[in-house]
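Down below is the structure, laid out as structure tokens.
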Ligand SMILES: [Mn+2]
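Numbering (this note's numbering), first residue to last: 978 to 1243.
In structure tokens form, the structure reads like this:
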């Protein structure tokens, strides 16, 4: 008998899994608190999570087979090489299991652009449902094209974006949101949906770029439930500045993953 405990009670090979967990501890575009330890502490929170969701009467750990692939080894300070690694990894994952649902753990919000650049090859039409305090619609930041402040601007070239919970942005970003007709609700979303949750959308200080105010956990899950009525192709959860076990953002992140999976119609 081997008495061992890994991330989940059961860990399945990728080929058999319904859900795959992949950490991307990239935070080299971060301008506030470090977010590279997000994957570490969100995993720890997942280990201790009650799997049963009273609202949907589902135990996500019993319903789905999980595979935790660990973290993508990022290239410190080099987004181009890191993005290639993200893209290669995602390609290999779907070659092995085309139906698996990927959950990515950030890292700063730039990781979403790397993921979406790969997913767009599989889903030419997609809608990104972006929970975020910020618009992240800057064309560049201090001359740098690729930053957690700019990812959404670049993702607009190939996807529709719905932004939920936005409360802090520049004039330039406000103009861009009008120009590109960014929606702020889920009406008329018909494409497959990719969910990205920047934890700063919540009322918490435990994130890369905190802002006063913010949504409640219940407020987010209500909209999450609506978003999960569409076909879901994957999700990420980013910007946790967790530095210790049971930090607020890591607990919220684990619970939002559980909620999304409980609502998800496989
Ligand atoms: Mn963001």
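Glycine included, C-beta positions come from ideal geometry on N, C-alpha and C.
Return the chain-ordered list of same chain residues with a C-beta closer than 8 Å to the C-beta of residue i, the five sequence neighbours on each side being excluded.
i: residue 1139; result: 1104, 1105, 1106, 1107, 1159, 1160, 1161, 1162, 1163 and 1166
i: residue 984; result: 998, 1020, 1023, 1024, 1043 and 1045
i: residue 1130; result: 1113, 1114, 1115, 1116 and 1153
i: residue 1096; result: 1067, 1103, 1171, 1210 and 1211
Taking residue i as part of the beta strand (DSSP E), name the residues at either end of that continuous run.
i: residue 1173; result: 1170–1175
i: residue 1000; result: 996–1001
i: residue 1137; result: 1137–1141
i: residue 1213; result: 1209–1215
i: residue 1081; result: 1078–1083
i: residue 1104; result: 1104–1108
What does residue i pair with, by DSSP beta-bridge criteria?
i: residue 1036; result: 1029
i: residue 1045; result: 998
i: residue 1179; result: 1192
i: residue 1160; result: 1139
i: residue 1006; result: The partner list for residue 1006 (beta bridge, DSSP) is empty, contrary to what the question assumes.
Take residue i and list the residues in its own chain whose beta-carbon comes closer than 7 Å to its own, dropping the five residues that flank it on each side.
i: residue 1226; result: 1176, 1181, 1183, 1184, 1217, 1218 and 1219
i: residue 1188; result: 1110, 1144, 1145 and 1177
i: residue 1100; result: 1169 and 1210
i: residue 1074; result: 991, 992 and 994
i: residue 1086; result: 1113, 1125, 1128, 1175, 1215 and 1216
i: residue 1204; result: 1106, 1163, 1170 and 1172
i: residue 1157; result: 1133
For residue i, count the other beta carbons within 10 Å of its own beta carbon; 16 or more makes it buried, fewer makes it exposed. Which is it?
i: residue 979; result: exposed
i: residue 982; result: exposed
i: residue 987; result: exposed
i: residue 1113; result: buried
i: residue 1147; result: exposed
i: residue 1206; result: exposed
i: residue 1190; result: exposed
i: residue 1065; result: exposed
i: residue 1050; result: exposed
i: residue 1082; result: buried
i: residue 1149; result: exposed
i: residue 1091; result: buried
i: residue 1058; result: exposed
i: residue 1119; result: exposed
i: residue 1102; result: exposed
i: residue 1006; result: buried
i: residue 1079; result: buried
i: residue 1008; result: exposed
i: residue 1235; result: buried
Could you pull the start and end residues of the alpha helix (DSSP H) that residue i belongs to?
i: residue 1018; result: 1015–1024
i: residue 1198; result: 1194–1204
i: residue 1231; result: 1225–1240
i: residue 1129; result: 1128–1132
i: residue 1091; result: 1088–1099
i: residue 1059; result: 1056–1073
i: residue 1153; result: 1148–1156
Apart from the five residues on each side of it in sequence, which residues of its chain come closer than 6 Å, Cβ to Cβ, to residue i?
i: residue 1222; result: 1021
i: residue 1035; result: 1239
i: residue 1141; result: 1108 and 1200
i: residue 1192; result: 1142, 1178 and 1179
i: residue 1000; result: 1016, 1048 and 1082
i: residue 1013; result: 1002 and 1004
i: residue 1010; result: 1185 and 1218
CB of residue i to nearest heavy atom of ligand 2: below 7 Å?
i: residue 998; result: Among the ligands present in this structure, namely ligand 1, ligand 2 is not found.
For residue i, decide whether its Cβ has a neighbour in chain D, counting only Cβ atoms nearer than 8 Å.
i: residue 1021; result: No chain D appears in the structure shown, which is made up of a single protein chain.
Contact set, ligand 1 heavy atom to C-beta under 6 Å
1086, 1109, 1111, 1113, 1125 and 1175
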